Ligand code: NDP
C-alpha cells in the first residue's frame, strides 16, 4: 500500500432505510463513513405510495420518508456519493471498492443494497415492458387512467398496487396463483372490499399478448387446467423481490436464493463486512426492520474497528 493511500473506516453501500440508518449510527460514532447511494437512490420505498407502518408516521409517502432520511444523514455531515458501486475486491485487506471510476480502500463495509422487483420471466412480458407492462404501479399508474388493468401477485405489494391503481383506473383484476392471499389482513381487507377490484384465484399468466402494446393475457386456471384469454390494457407485476447481490457472487456466502448469509446478526463470511436489510433478510422485509438492521450493522462495524 502506498503511504499516501487513504484508507476509509467504513463504506456503506445502499441508501434505503438500512443504509441510511447505518450512516446515522456510524457518523455519530465518528467512523466518518462514505455512503454510496447506488443505482436506485432511496431504495424500494421510492416506488411505493403511503407507508402506514413506520412508527412515528401515521401515514407518509415512501419518497417523503426517504427524503427525510437523506436529509437526516446529510445534516450529520456524512459523505454521501451518488455513485453506484461497480466492483468489490474482498481478497486482500483493506478491502477495495470501485464506484464512479474511483477505487476506495476501506477497513469495513456495510452492504445495504436491498432487493429489486421480480418478473414472471415471459418473453413477451419483457418485450412489452413500458408498453403496458410495468413493475411499478406508483411510477406508471398515471398512464392507465380510466383503463382496465391486471395486477399479478398475492402479497402486500400486489394489494398495495391494486388499491393504488383502483383510485385512477376503470377496473383492476388481481390474478393470483393460490386461493388465498399471503398479504397482511389490513391490506387484503382493503382490496376485498373495493368494488373496483376483482380477483381471479388459482390462475397463472402464461403469455402476454399484443404487438406494439399489450392487448391481453393468456391465463391458465390451475384447478381445471383451462386456458383462456383476458383482455387488458395494463399488466402490473407484483410478485416479490430478489436481493441485489450480483456484485458479491463468489465473494461472500450467499444462500440458495442469493441473499447474503449472516451470522451473529450482521456479520458475513468476510470479517469486517456486514450486511443489513433486504439484501440479507428473506423473511421480514419491512422498512422499519431494515432500518434496525442498518443500526445493528453500524454498531457491529464500530466494534470490529475498535478491536483492530
Ligand atoms: P411476497 O413475497 O410477500 O409475495 C409475492 C407474491 O407473489 C406471493 O403471493 C406469491 O405467491 C406471488 N408470486 C411469486 N412468484 C410468482 C410467480 N412467478 N408467478 C405468480 N405469482 C408469484 O412479496 P411482496 O413484494 O408482496 O412483499 C415483500 C415484503 O414486503 C413482504 O414482507 C411485505 O409484507 C412487504 N411489503 C409491505 C408493504 C407495506 O406494509 N406497506 C407494501 C409492500 C410490501 P404465493 O403466495 O403463492 O407464494
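In my numbering, the protein residues as written are 75 to 382.
The C-beta atom is built at its ideal place from N, Cα and C for all residues, glycine as well.
Since the model is a prediction, treat every value here as computed from it, not as a measurement.
Under DSSP, residue 264 shares a beta bridge with no residue. Short of 6 Å from the beta carbon of residue 104, and not among the five residues preceding or following it, lies no beta carbon of its own chain.
The nearest non-hydrogen atom of the ligand NDP is less than 8 Å from the C-beta of residue 257.
DSSP, reduced to helix, strand and coil, places residue 286 outside both helices and strands of the structure shown, so it counts as coil.
Judged by DSSP secondary structure, residue 141 falls within the alpha helix (DSSP H) whose first and last residues are 136-149. Between the alpha carbons of residue 283 and residue 225 lies a gap of roughly 15 Å. In this structure, residue 281 has its beta carbon at no less than 8 Å from each heavy atom of the ligand NDP. Look at residue 230: its beta carbon is less than 8 Å from one of the heavy atoms in the ligand NDP.
Here residue 357 is exposed, its C-beta having fewer than 16 other C-beta atoms within 10 Å. Collapsing the DSSP output to three states places residue 255 in coil. The Cβ atoms of residue 212 and residue 306 lie no closer than 9 Å to each other. Residue 186 carries a coil assignment under DSSP once its states are collapsed to helix, strand and coil. In this structure residue 364 is not in contact with residue 136, their Cβ atoms being roughly 13 Å apart against a cut-off of 8 Å. Ranked by Cα distance from residue 329, the first of 119, 338, 281 and 317 is 317. Distances taken from the Cβ of residue 80 to the heavy atoms of the ligand NDP include none shorter than 8 Å. The way I'd put it, the region 140-154 does touch the region 108-123; three or more beta-carbon pairs between them come closer than 8 Å. Going by C-alpha positions, residue 222 is about 5 Å away from residue 245. Per the C-alpha coordinates, the member of 320, 236, 285 and 325 positioned closest to residue 187 is 320. In terms of side-chain proximity, the C-beta atom of residue 220 is found no nearer than 8 Å to any non-hydrogen atom of the ligand NDP. Out of 260, 264, 261 and 294, the CA that lies nearest to the CA of residue 274 is found in 294. Residue 334 sits in a strand when the DSSP states are folded into three classes.
Nearest C-alpha to residue 154 among 119, 101 and 202: 101. A residue is called buried once 16 or more other Cβ atoms fall within 10 Å of its Cβ, and residue 301, having fewer, is exposed. The count of Cβ pairs closer than 8 Å, one atom from the region 346-362 and one from the region 254-262, stays below three, leaving the stretches out of contact.
The beta carbon of residue 303 sits closer than 8 Å to those of 283, 290, 291, 292 and 293, all from its chain and outside the five residues before and after it, given in chain order. About 5 Å separates the CB atoms of residue 371 and residue 96; that is less than 8 Å, so the two are in contact.
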